[in-house]
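Data first, discussion second: the structure below is written as structure tokens.
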Amino acid sequence: MAQYPIPFTRVITTHDPESGNAIFEKTVENNVQFEGFPVPTGNPPTSDYVLAYSTTTFPVQGLSPGSSNTSGANLDIKQYKTSLQNISPLNPTGGTACTIVEVPYGNDIAMHRTVSLDYGVIIDGTTELVLDSGEKKTLKKGDVFVQRGTAHAWRNLTQKDDNNGTLYFLCVPTD
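Counting from 1 along the sequence shown, just add 68 to a position and that's the residue number in the numbering used here.
What follows is the structure, encoded as structure tokens:
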């Protein structure tokens with residue numbers, strides 16, 4: 069897959085169990101590794117992604133300073149570390165996912181549907197959001213989109229000599 073000249077760094081904050089003060093989480097690796105993006109499931113990857121963070125519940129529990137001394141403290145961090153063992157680009161049932169997708173020049177992400185509310189930002193490049201109705205919308209760097217559980221595909225319209233298309237997603241569960 070594509071090479072990334074500037075690797076993404078993940079920074080996570082938490083609470084010190086003794087003082088309750090905010091501290092940087094030290095048990096999760098800061099360097100983020102990209103994986104092949106198999107969407108739809110079972111298809112060969114046409115792009116890469118990184119799962120910057122995820123939770124298995126929403127709302128997330130155990131984040132307040134007072135909860136750092138309970139058995140539920142940092143449960144989201146523990147669950148995230150487990151999810152990194154069997155990584156998936158899509159949010160777990162009932163949970164959230166923060167994902168960055170890198171689509172190389174000439175590649176697309178095939179039509180698929182996520183059963184989630186996805187907030188997104190085009191970080192770099194130009195992409196086309198294609199709906200199953202045939203409607204299309206061109207999105208450029210800085211554009212924001214809200215994907216409401218509909219079938220869609222992504223086409224990278226970025227020019228060959230420009231950067232890859234890079235998209236940021238925050239996926240939230242729906243009923």
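Even for Gly, the Cβ is constructed at its ideal location relative to N, Cα and C.
From a predicted model like this one, the values you see are computed outputs, not experimental measurements.
A Cβ-Cβ contact shorter than 8 Å links Thr194 with Leu225. Selection Ser122, Thr77, Val212 evaluated against Gln147 yields Ser122 as nearest (Cα-Cα). Under the three-state reduction of DSSP, Ser184 is assigned to strand. Per DSSP, Gln101 lies in no alpha helix (DSSP H) segment and is marked neither H nor E. With a cutoff of 8 Å on beta-carbon distance, Ser184 and Thr242 are scored as near each other. In the structure shown, Gln227 adopts coil according to DSSP, grouped into three states. Annotated as proximal: Ala120 and Ile168, with beta-carbon spacing under 8 Å. Here Val240 is bridged, per DSSP, to Leu185. In this structure Glu93 is in contact with Ile80, their Cβ atoms being roughly 4 Å apart against a cut-off of 8 Å.
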